[in-house]
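In UniProt numbering, the protein residues as written are 1 to 241.
Okay, so here's the structure we're looking at.
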């Protein structure tokens, strides 16, 4: 019997913490810079995963069009950041589980499309395992859907096969701020959350938000580690300065 050798992945567990977007973005870029330098000497052998929540914020990808904003940027209801990633405008806020894997695809598979589909697969498996929710892909679009509602957005950026940014899963998210944009540039589909879907299935039964986030987080990191064959080294006491 062959025993798989798992690569190490440091996991920063801030999934119940609200981290300002600019600080998390700078943190990611500092890790990418360090890993890029290590890659030249062949010493870049450890991946990174960051899990957190953000305060209300809109982000736009590199080539995003402002036509998908239903407000003027100077009168934005929340912070707006234009960043280096694929995809159009999206919203982040409390109750949304944001996961930023920083992986060197040379140690996995040098295929960005494979990586995007793999992130979708992590979410699909996690929702089925933790909540018995059947989620799907939509042909030609990136993300994960339950029926006609998008519950998870994905956007990444890569340099020399080191990818960062990641995914955002609506767990207990207030969906109202999505009405101020065309999420991911999609006008004819809705946005949903795990809590909303579970409440509809249980005739409005009350659900503990903290517990729901914990369940989603633990299911997501389990599926992430299994799919990417990683040994997660959990670090819940960390500084991102």
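C-beta: ideal position from N, C-alpha, C; glycine also.
Selected residue, minimal CA-CA separation from residue 121, among 205, 153, 105 and 15
153
For residue 170 and residue 133, believed in contact at Cβ under 8 Å, the rounded distance
The Cβ separation is near 12 Å, so there is no contact.
Apart from the five residues just before and just after residue 8, which ones in its own chain have a Cβ nearer than 8 Å to its Cβ?
45, 46, 47, 230, 231 and 233
Only counting the same chain, and skipping five residues up and downstream in sequence, which positions put a Cβ closer than 6 Å to that of residue 137?
120
Flag this pair as touching only if the region 27-40 and the region 53-60 have three or more C-beta atom pairs under 8 Å; answer yes or no.
no
Under 9 Å between the Cβ atoms of residue 116 and residue 156?
yes
Which of the three DSSP states is assigned to residue 209 in this structure?
helix
Nearest-angstrom Cα separation, counted from residue 82 out to residue 205
38 Å
Under a three-way DSSP split, which group does residue 44 fall into?
coil
Please classify residue 143 as buried or exposed, where buried requires at least 16 other C-beta atoms within 10 Å of its C-beta.
buried
So the candidates are 149, 160 and 87; which of them puts its Cα closest to the Cα of residue 106?
160
Looking at the structure shown, is residue 123 part of a helix, part of a strand, or coil, going by DSSP?
helix
Give the secondary structure of residue 66 by DSSP, where H, G and I count as helix, E and B as strand, and everything else as coil.
helix
Ordered along the chain, which non-local residues of its own chain (more than five positions away) have a Cβ less than 7 Å from that of residue 258?
Absent from the structure is residue 258, since the part of the chain shown begins at 1 and ends at 241.
Would you check if the distance between the CB atom of residue 64 and the CB atom of residue 147 is smaller than 9 Å?
no
Report yes if the CB atom of residue 217 is closer than 9 Å to the CB atom of residue 164, and no otherwise.
no
Which partner residues does residue 13 have in the DSSP bridge list?
51
Alpha-carbon spacing of residue 10 relative to residue 235, whole angstroms:
7 Å
Buried or exposed: which applies to residue 221, given that a residue is buried once 16 or more other Cβ atoms fall within 10 Å of its Cβ?
buried
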